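Novice: What follows is a structure written as structure tokens; I'll ask about it next.
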Amino acid sequence: AEDTGVRVELAEEDHGRKSSIALRLWVEDPKKLKGKPKDNGAIEFTFDLEKETPDDVAQEMIDSGFFHENDLKIVAKSIRDRVALILWRRERIWPRMQ
Amino acid sequence: SSFTQVVHSAGRRFIVSPVPESRLKDQ
Chain A
1057 AEDTGVRVEL
1067 AEEDHGRKSS
1077 IALRLWVEDP
1087 KKLKGKPKDN
1097 GAIEFTFDLE
1107 KETPDDVAQE
1117 MIDSGFFHEN
1127 DLKIVAKSIR
1137 DRVALILWRR
1147 ERIWPRMQ
Chain B
5 SSFTQVVHSA
15 GRRFIVSPVP
25 ESRLKDQ
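Those protein sequences? They're chains A and B, same order as listed. According to our numbering, the first sequence is numbered sequentially starting from 1057. According to our numbering, the second sequence is numbered sequentially starting from 5.
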């Protein structure tokens, strides 16, 4: 995944069972964003791998004032890349459970 | 504590905490 300047990591151990999982997002390189992020704190949130899309969360983060609306794509892509990695890893480690 | 919580109208909670210095690229 290309470096968007926004980092998204698991905020808990993933055992492949739960559909909703805690993620943590923070800005690693503000220069890569179009707008100025509100503050460089880490934002932790729960994401439902089955029901939700990264764009939903990115839009809610913008609504909540964390990011400028011009950064919707970058934030959504950062979340999407991490979610894809989580699903890929689940498929490899717990194929029968998926 | 240095945690703040923001609840979006759709119900999702965002919990903001300081990023460890070590995780921030050189600005």
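Each residue gets a CB set at the ideal place from its N, CA and C atoms; glycine is no exception. In this text the structure is predicted, and so the values were computed from the model without any measurement.
Buried or exposed: which applies to G1097 (chain A), given that a residue is buried once 16 or more other Cβ atoms fall within 10 Å of its Cβ?
Specialist: Buried, since its Cβ has 16 or more Cβ neighbours within 10 Å.
Novice: Nearest to A1078 (chain A) by alpha carbon, out of A:R1152, A:N1126 and A:V1139?
Specialist: Taking only the C-alpha atoms, the option nearest A1078 (chain A) is A:V1139.
Novice: Name the one or two DSSP bridge partners that G1097 (chain A) has.
Specialist: Paired residue(s): B:P22.
Novice: Is it right to say W1150 (chain A) is buried, meaning 16 or more other beta carbons lie within 10 angstroms of its own, or is it exposed?
Specialist: With fewer than 16 Cβ atoms within 10 Å of its Cβ, W1150 (chain A) is classed as exposed.
Novice: For S1076 (chain A), which three-state DSSP category applies?
Specialist: Of the three classes helix, strand and coil, the one that applies to S1076 (chain A) here is strand, per DSSP.
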